[in-house]
Amino acid sequence: MVKLTAELIEQAAQYTNAVRDRELDLRGYKIPVIENLGATLDQFDAIDFSDNEIRKLDGFPLLRRLKTLLMNNNRICRIGENLEQALPSLTELILTNNNIAELGELDPLSTIKSLTYLSVLRNPVTNKKHYRLYLIHKVPQVRVLDFQKVKLKERQEAEKMFKGKRGAQLAKDIARRAKTFNPGAGLPADKKKTGPSPGDVEAIKAAIANATTLAEVERLKGLLQAGQIPGRERKPGPSEDGEEEMEEDTVPNGS
């Protein structure tokens, strides 16, 4: 493992990405802890921490400029409190393929009011009952969850499920279970991966070539990691399209 030092930050690749954001590339160093990011001098819109050994999402100094955090393929099982104080502009958080196992562990995200784009794909927590509705209830500012737009119907279902005394008690019970969770216990074994066919490769190339935003690129990554081929994922029916149009004009209420 490699300690995240000011020297490493200075030596790491820095560039303007496809959406013209300044990005710091800290992929693949096997970094175990987020620290010393004050050395960035808050000069980046995006930081890529993918493919490291980070267990807890915390340790950030005040970074007013940072909008995007890519945390794919780490070992994250906890999220620090009060992240909004250090990252007031964070809009996109990609936590694909980590070890978050309990719904309550995602509660700290509720205070990041700028967060609109979130992925928790390939975490054990996604197998929990009511996972998506719970997140929509706790983090209503998110508009795209796991690379799928949050529908108006889902917001209504989440509001109904967690309203009143019974709903509040259900949410409290979920959070309580998270506090007794033993990180790393009972995590599922990695599934055997199979390579794409030649036709799939062409579909992947075409989709990436046509991507125009960083969010679209990350959506493609998420689909591939979930075993889906871009262009072949489930398409919404007419009724769902209508919900999307309604959602465009809907501003979710805070919890």
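If you use UniProt numbering, the sequence shown corresponds to residues 1 to 255, in order.
In this text, a Cβ means the ideal position worked out from N, Cα and C, and glycines have one as well.
- Close beta carbons around ILE174, own chain, < 6 Å, minus the five adjacent residues each side: LEU103 and GLY104
- Cβ neighbour criterion (16 or more within 10 Å) applied to LYS138: buried
- Start and end residues, beta strand (DSSP E) containing TYR23: This sequence places Glu at residue 23; Tyr is not what is there. Looking at the DSSP string, the run of the beta strand (DSSP E) that includes GLU23 is 22 to 25.
- What's the call for MET71, buried or exposed, on a 16-neighbour Cβ count within 10 Å? buried
- Item | Assumed close pair ILE79, LEU62 - CB separation to whole angstroms, cut-off 8 Å | Actually they are not in contact, since the Cβ atoms of ILE79 and LEU62 sit about 18 Å apart, beyond 8 Å.
- Query: So is GLY195 buried or exposed if we call it buried at 16+ other beta carbons inside 10 Å?
  - Reply: At GLY195, the pLDDT of 48 sits below 50, so the modelled position is not reliable and the matter cannot be decided from this model.
- Reference ARG20, options ASP45, LEU4 and ARG155, closest by Cα: ASP45
- Note down the Cα distance separating VAL120 from ARG166, rounded to an integer number of angstroms. 27 Å
- With DSSP as the reference, label ILE79 as helix, strand or coil. strand
- Message: Using 7 Å as the threshold, is the C-beta distance between THR96 and THR116 below it?
- Response: no
- Item | Cβ pair GLU23, GLY59 closer than 7 Å | no
- Query: Which two residues bound the contiguous alpha helix (DSSP H) that contains GLU154?
  - Reply: 152 to 161
- Item | Spatial distance of GLU233 from GLU7 (CA atoms) | The pLDDT assigned to GLU233 is 49, lower than 50, so where the model puts this residue is not dependable; a value taken from the coordinates is nonetheless given after this. Straight-line Cα distance between these residues: approximately 43 Å.
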